[in-house]
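Below you'll find the structure, written out as structure tokens, and then a few comments.
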Amino acid sequence: MSAEITINQTSLPLSENLRAVEALKQAGALTDTTIAAKLDGTVIDLTRELTTGGTLETVDISSEEGLNVLRHSAAHIMAQAVMRLYPTAKLAIGPTVENGFYYDIDFGEEAFSSEDFKKIEAEMKKISKKKLPVERKVLSREEALAMWEEQEEIYKVDLVRDLPEGETITTYSQGEFTDLCRGPHIQHTGRVKFFKLMSVAGAYWRGDEKNKMLTRIYATAWPSKEELQDYLKRLEEAEKRDHRKINKVMELYHIDDDIGKGLILWLPNGTVLREELERFAKEKEFEYGYDRVYTPHITKENLYQTSGHLEHYKDSMFPPMKMPDEEEDYYLKPMNCPHHHKIFAARPRSYRDMPLRLSEYGQVYRYEKSGELAGLLRVRGLCMNDAHVYCTEEQLGDEFKRVMQLHLDYYKTLNLTNYYMRLSLHDPEKDKFVTDHAMWKRAEDACQNGLDEMGLDYKVVRGEAAFYGPKVDVQFKNVVGREETNSTNQVDFLAAEKFKLRYVGTDGKEYSPVVLHRAPLGTHERFISFLIEHFAGAFPTWLAPEQVRLIPVGQDFVEYARNLQEDLRKLRIRVTIDDGGDSLNKKIRNAVTKMKVPNLLILGAKERENQAVTLRRYGLNRQESMSYEAFKAWLLEQIATRALPERDTEE
RNA sequence: GCCAACGUAGCUCAGUUGGUAGAGCAGCUGAUUCGUAAUCAGCAGGUCAGGGGUUCAAGUCCCCUCGUUGGCUCCA
Numbered sequence: 000m001s002a003e004i005t006i007n008q009t010s011l012p013l014s015e016n017l018r019a020v021e022a023l024k025q026a027g028a029l030t031d032t033t034i035a036a037k038l039d040g041t042v043i044d045l046t047r048e049l050t051t052g053g054t055l056e057t058v059d060i061s062s063e064e065g066l067n068v069l070r071h072s073a074a075h076i077m078a079q080a081v082m083r084l085y086p087t088a089k090l091a092i093g094p095t096v097e098n099g100f101y102y103d104i105d106f107g108e109e110a111f112s113s114e115d116f117k118k119i120e121a122e123m124k125k126i127s128k129k130k131l132p133v134e135r136k137v138l139s140r141e142e143a144l145a146m147w148e149e150q151e152e153i154y155k156v157d158l159v160r161d162l163p164e165g166e167t168i169t170t171y172s173q174g175e176f177t178d179l180c181r182g183p184h185i186q187h188t189g190r191v192k193f194f195k196l197m198s199v200a201g202a203y204w205r206g207d208e209k210n211k212m213l214t215r216i217y218a219t220a221w222p223s224k225e226e227l228q229d230y231l232k233r234l235e236e237a238e239k240r241d242h243r244k245i246n247k248v249m250e251l252y253h254i255d256d257d258i259g260k261g262l263i264l265w266l267p268n269g270t271v272l273r274e275e276l277e278r279f280a281k282e283k284e285f286e287y288g289y290d291r292v293y294t295p296h297i298t299k300e301n302l303y304q305t306s307g308h309l310e311h312y313k314d315s316m317f318p319p320m321k322m323p324d325e326e327e328d329y330y331l332k333p334m335n336c337p338h339h340h341k342i343f344a345a346r347p348r349s350y351r352d353m354p355l356r357l358s359e360y361g362q363v364y365r366y367e368k369s370g371e372l373a374g375l376l377r378v379r380g381l382c383m384n385d386a387h388v389y390c391t392e393e394q395l396g397d398e399f400k401r402v403m404q405l406h407l408d409y410y411k412t413l414n415l416t417n418y419y420m421r422l423s424l425h426d427p428e429k430d431k432f433v434t435d436h437a438m439w440k441r442a443e444d445a446c447q448n449g450l451d452e453m454g455l456d457y458k459v460v461r462g463e464a465a466f467y468g469p470k471v472d473v474q475f476k477n478v479v480g481r482e483e484t485n486s487t488n489q490v491d492f493l494a495a496e497k498f499k500l501r502y503v504g505t506d507g508k509e510y511s512p513v514v515l516h517r518a519p520l521g522t523h524e525r526f527i528s529f530l531i532e533h534f535a536g537a538f539p540t541w542l543a544p545e546q547v548r549l550i551p552v553g554q555d556f557v558e559y560a561r562n563l564q565e566d567l568r569k570l571r572i573r574v575t576i577d578d579g580g581d582s583l584n585k586k587i588r589n590a591v592t593k594m595k596v597p598n599l600l601i602l603g604a605k606e607r608e609n610q611a612v613t614l615r616r617y618g619l620n621r622q623e624s625m626s627y628e629a630f631k632a633w634l635l636e637q638i639a640t641r642a643l644p645e646r647d648t649e650e
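Okay, structure coming up:
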């Protein structure tokens, strides 16, 4: 027996309708496993939810979940199309991901590339047109194994073998195609009409480097043509904001083959961004009671033996430098921590020194694998907004919160909101972590309580902690959807032991300090790549490589412009004059579309007579005439307060 | 590092079945001196990433190297 529940809107949660299902069930009217709910024309099999014993109240199929079902079904259709065209291919897994889905496939000896997308899409369209009904079957473990073994679907066999005892094994079939799947699925293949194969990539079976590399096909699917087109349009728009694209026009940095991949040459414009950020950090850190230090870029081997980095992270360090007349090797430093620890240990410390906060924009080098490098996002030479806070265990909670507050200050000034916080705790099962569980617990509580007391949202991840302690990472999603850690705040109670860090307490006895590692502004490289995309290159005045551009309407007014330029430069304003032969229109166009200069001053007879300027700000439609003195005051205020750009329309 | 794709002028890209390189923008020169998003004309610019091979002939086909991109793995 089967039943269908019909609702009118995709966006409407199903819980109310599900209540009705439950009522029917209790009345004994529904006993079979083929109950389906109709979701805006798309029929979804709710069997899984109904048969796994969970209460129906917990199943809230919002439109987003409906999309997932659609996409998962699209993955099946793609797999079916692939099997028709490549009968010897072996299927692995095909889950949904944000905005789409993928399927991992072993094509064996056959070469596969995006050239083949067209014929797969054509075959998928055929399958869709046939409106093949999707059927669910429950199999015993033996039946399932026998079926996949016969078809030599080795990955499916592997998957079935790994299913936990007692798990119901289900398959979904459409036409000649059957796949191992939990469901739920749409009722027939005709529901999937709007899809596009996006890219092909390699992926290790089960995500393990030692396993065979399979071919992963990424694709997207949507309920309507409009939504599909919208999505593709959004991707296109996002690509325009890609920091590598904007860099080409704004000339911020350069990577040169002769210098090496992942090694950044900062051009004058990019250097301004670095220096302004650094200035900002110095001011903030001064307010928060940090002391600045400088440390060398290389160090003797022994230091990294002490720190444990040579043991844990040797692979991502540049190889050692052999010295002709010294026995010990030198390394380029991959992090600043040990250097700062040595500053702490440079003289005896007392509780009166605590908390000691040492900060540095520290240059480090990491030998990232070549395939992992990406523009400014992943590089081999990076400059870190680093600092270490040495405090007593009693101070830990407050210091932790203070660091988090510093993060929030930065984000507020830069108008960053597209992030989430991730609290990484240790996994007691794994031996990667030190064994002092009481210590871990105290440190983890300090973090968690700190976050809670500050009312911050965060996600807890077990087993992601550093080997020396728990941490809070702030994850940002960049414009093309890649998620990266941009800031970090880590508790370290191992450093004291390793580096023999001690302070004398009020009772004259020696104690170990707790160390906080923190980098709210991450590294210049990654943070700036993120800022370029965040502002789409149209930086606030305080950060903009070019803060003001003077545009005389004709040659007669160049001299007036020069006078203003000279005056503004005395105020440390980054100002240029466009005195070229272009038309006024062209000059404005250049200033707006290329460097996205936040402030343009149009200078002609009117302005010169009144010692005035006409201000045209980036992103604002109106422009304003004012006295030069008034403009200066306004500009300095903008810079001093690190004012955010204003916009007339959402970009 | 692995899988795949790509690499033509500073940038964005054309370049048919192999017959020895082309446009727009940028640059330079000249004219224009302009009041709010591209003034006109001319000039110059390339060992087609590098190396090897097939061929009478290679930007086009094959191999290797380097680099870039999308993923995977990694990310102190």
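Counting in numbering that gives the first Met the number 0, the first sequence runs from 0 upward without gaps. Just so you know, even glycine gets a beta-carbon here, dropped at the ideal spot from N, CA and C.
Point to revise | Rounded C-alpha distance that separates residue 723 from residue 440 | key: No answer is possible for residue 723: the residues shown for the chain start at 0 and end at 650.
Exercise for review: Would you identify the three-state DSSP class for residue 207, choosing helix, strand or coil?
Suggested key: Counted from its first residue, the first sequence places residue 207 at position 208. Residue 207: coil per DSSP, three-state reduction.
Practice item. Specify, as a first and last residue, the run of the beta strand (DSSP E) that residue 612 falls within. Key: Translated into positions along the first sequence, residue 612 becomes position 613. Where residue 612 is concerned, the enclosing beta strand (DSSP E) starts and stops at 611-616.
Exercise for review: Look at the Cβ atom of residue 250, then the Cβ atom of residue 244, and state whether they are nearer than 8 Å.
Suggested key: Residue mapping note: residue 250 aligns to position 251 of the first sequence, counting from 1. Residue mapping note: residue 244 aligns to position 245 of the first sequence, counting from 1. Remark: C-beta atoms of residue 250 and residue 244 do not approach each other more closely than 8 Å.
Practice item. Would you list the one or two residues that DSSP bridges to residue 221? Key: As a working note, residue 221 is residue 222 in the first sequence. Per DSSP, 193.
Check your understanding: Between which two residues does the beta strand (DSSP E) containing residue 477 stretch?
Key -> Taking the first sequence and counting its residues from 1, one reaches residue 477 at position 478. Per DSSP, residue 477 belongs to no beta strand (DSSP E) and is neither H nor E.
Practice item. Could you spell out where the alpha helix (DSSP H) holding residue 336 opens and where it closes? Key: Residue mapping note: residue 336 aligns to position 337 of the first sequence, counting from 1. Element bounds for residue 336: 336-343.
Exercise for review: Mind checking who residue 385 pairs with in its DSSP beta bridge?
Suggested key: On the first sequence, position 386 is the one that residue 385 refers to. 359, per the DSSP bridge assignment.
Point to revise | Member of 382, 355 and 357 whose CA lies at the smallest distance from the CA of residue 365 | key: Residue mapping note: residue 365 aligns to position 366 of the first sequence, counting from 1. For the residues 382, 355 and 357, the minimum Cα distance to residue 365 belongs to 382.
Review point. Does the region 101-116 touch the region 205-214, meaning 3 or more C-beta pairs lie closer than 8 Å?
Key: yes
Review point. What does residue 380 pair with, by DSSP beta-bridge criteria?
Key: Residue 380 sits at position 381 when you count from the first residue of the first sequence. DSSP, once it has assigned bridges, lists 364 as partnering residue 380.
Check your understanding: Based on Cα-Cα distance, which residue from 332, 403, 180 and 193 lies nearest to residue 166?
Key -> Along the first sequence, one-based indexing puts residue 166 at 167. With distances taken between Cα atoms, residue 166 lies closest to 180.
Point to revise | Straight-line gap, residue 37 to residue 168 (C-alpha atoms, nearest Å) | key: Counting from 1 along the first sequence, the entry for residue 37 is found at position 38. Counting from 1 along the first sequence, the entry for residue 168 is found at position 169. Confidence at residue 37 is low in this model, with a pLDDT of 47, below 50, so the placement of that residue should be treated as unreliable; the coordinate-derived value is given next. Cα to Cα, the separation comes out at about 24 Å.
**Study point:** 6 Å Cβ shell around residue 74 - same chain, five flanking residues per side excluded
**Key:** Taking the first residue of the first sequence as position 1, residue 74 is located at position 75. If the five residues before and after residue 74 are omitted, its C-beta is found closer than 6 Å to the C-beta atoms of 93, 100 and 102, all from its own chain and listed in chain order.
Review point. In chain order, which alpha helix (DSSP H) runs of at least 4 residues are fully inside the region 208-279?
Key: 224-240 and 242-249
Check your understanding: If you draw a straight line from the C-alpha of residue 240 to the C-alpha of residue 247, how long is it?
Key -> Counting from one through the first sequence, the residue named residue 240 turns up at place 241. Counting from one through the first sequence, the residue named residue 247 turns up at place 248. In a straight line, the C-alpha of residue 240 is about 11 Å away from that of residue 247.
Review point. Considering only the beta carbon of each residue, do residue 375 and residue 242 sit closer than 8 Å?
Key: As a working mapping, residue 375 is identified with position 376 in the first sequence. As a working mapping, residue 242 is identified with position 243 in the first sequence. A contact, by the Cβ cut-off of 8 Å.
**Study point:** Rounded Cβ spacing between residue 476 and residue 372 (contact assumed at less than 8 Å)
**Key:** Taking the first residue of the first sequence as position 1, residue 476 is located at position 477. Taking the first residue of the first sequence as position 1, residue 372 is located at position 373. Taking 8 Å as the upper bound for CB-CB distance, residue 476 and residue 372 are not in contact here, some 20 Å apart.
Review point. Just the Cα atoms here: how many angstroms apart are residue 559 and residue 575?
Key: Locating residue 559 in the first sequence gives position 560, where the first residue counts as 1. Locating residue 575 in the first sequence gives position 576, where the first residue counts as 1. Residue 575 has its alpha-carbon roughly 13 Å from the corresponding atom of residue 559.
Review point. Do residue 328 and residue 300 have their C-beta atoms within less than 8 Å of each other?
Key: The residue labelled residue 328 in the question sits at position 329 within the first sequence. The residue labelled residue 300 in the question sits at position 301 within the first sequence. In contact: residue 328 and residue 300 (Cβ atoms closer than 8 Å).
Check your understanding: What is the rounded straight-line gap between the Cα of residue 56 and the Cα of residue 639?
Key -> The residue you call residue 56 lines up with position 57 of the first sequence. The residue you call residue 639 lines up with position 640 of the first sequence. Because residue 56 sits at a pLDDT of 26, beneath the cut-off of 50, its placement in the model cannot be relied upon, and the following sentence gives the value as read from the coordinates. C-alpha separation (whole angstroms): 54 Å.
Check your understanding: Three-state secondary structure (DSSP) at residue 61?
Key -> As a position in the first sequence, residue 61 is number 62, starting the count at 1. Any answer about residue 61 is weak, because its pLDDT of 39 lies below 50 and its placement is not dependable; what the coordinates show is given next. In this structure, residue 61 counts as coil in the three-state DSSP scheme.
Exercise for review: Measure the CB-CB distance between residue 515 and residue 464 and report whether it falls below 8 Å.
Suggested key: What you label residue 515 is simply residue 516 of the first sequence in a count that begins at 1. What you label residue 464 is simply residue 465 of the first sequence in a count that begins at 1. No, Cβ-Cβ distance for residue 515 and residue 464 is not below 8 Å.
Check your understanding: Beta carbon of residue 620, beta carbon of residue 647: below 8 Å?
Key -> Numbered from 1 along the first sequence, position 621 holds the residue referred to as residue 620. Numbered from 1 along the first sequence, position 648 holds the residue referred to as residue 647. Closer than 8 Å, so yes.
Point to revise | Secondary structure of residue 390, DSSP reduced to three states | key: Position 391 of the first sequence holds residue 390. In this structure, residue 390 counts as strand in the three-state DSSP scheme.
Review point. Quick one: any contact between the region 533-543 and the region 260-278, if contact means 3 or more CB pairs under 8 Å?
Key: yes
Review point. With distances taken from CA atoms, which of 341, 151, 611 and 161 is nearest residue 140?
Key: By 1-based counting over the first sequence, the position of residue 140 is 141. When only C-alpha atoms are compared, the closest one is 161.
Check your understanding: Near residue 198, what residues of its chain come up, given a Cβ to Cβ distance below 6 Å and the 5 sequence neighbours on each side ignored?
Key -> As a position in the first sequence, residue 198 is number 199, starting the count at 1. 217, listed in sequence order.
Point to revise | Nonlocal neighbours in the same chain, by C-beta distance under 8 Å from residue 52, ignoring five residues either side | key: Reading the first sequence from its first residue, position 53 is the one you call residue 52. Because the pLDDT of residue 52 is 33, which lies under 50, any placement of that residue in the model is unreliable, and the number read from its coordinates should be weighed accordingly. Same-chain partners within the cutoff: there are none.
Practice item. Rank 577, 289 and 636 by C-alpha distance to the C-alpha of residue 402 and give the top, closest one. Key: Taking the first sequence and counting its residues from 1, one reaches residue 402 at position 403. Put simply, of 577, 289 and 636 the residue whose alpha carbon is nearest the alpha carbon of residue 402 is 289.
Review point. Between the C-alpha atoms of residue 637 and residue 573, what's the straight-line distance to the nearest angstrom?
Key: Counting from 1 along the first sequence, the entry for residue 637 is found at position 638. Counting from 1 along the first sequence, the entry for residue 573 is found at position 574. Cα to Cα, the separation comes out at about 14 Å.
Practice item. Could you check if residue 588 is buried or exposed, using at least 16 other CB atoms within 10 Å of its CB as the buried criterion? Key: Residue mapping note: residue 588 aligns to position 589 of the first sequence, counting from 1. Exposed is the call here.
Review point. Run through DSSP, which three-state label would residue 596 get?
Key: Residue mapping note: residue 596 aligns to position 597 of the first sequence, counting from 1. Note: residue 596 maps to coil in three-state DSSP.
Point to revise | 7 Å Cβ shell around residue 342 - same chain, five flanking residues per side excluded | key: Position 343 of the first sequence, counted from the start, is the residue given in the question as residue 342. Once the five neighbours on either side are set aside, the close Cβ partners of residue 342 are 292 and 357.
Review point. Leaving out the 5 sequence neighbours to the left and right, which residues in its chain are closer than 6 Å to residue 472 when beta-carbon positions are compared?
Key: As a first step, residue 472 is located in the first sequence; it is residue number 473 there, counting from the start. Excluding residues within five positions, the ones whose Cβ falls inside 6 Å are 421, 484 and 487.
Exercise for review: Buried or exposed for residue 10, please, with buried defined as at least 16 other CB atoms from any protein chain shown within 10 angstroms of its CB.
Suggested key: Here residue 10 corresponds to residue number 11 of the first sequence, with the count starting at 1. In this prediction, residue 10 has a pLDDT of 32, which is less than 50 and means its spatial position is unreliable; nothing more can be read from the coordinates.
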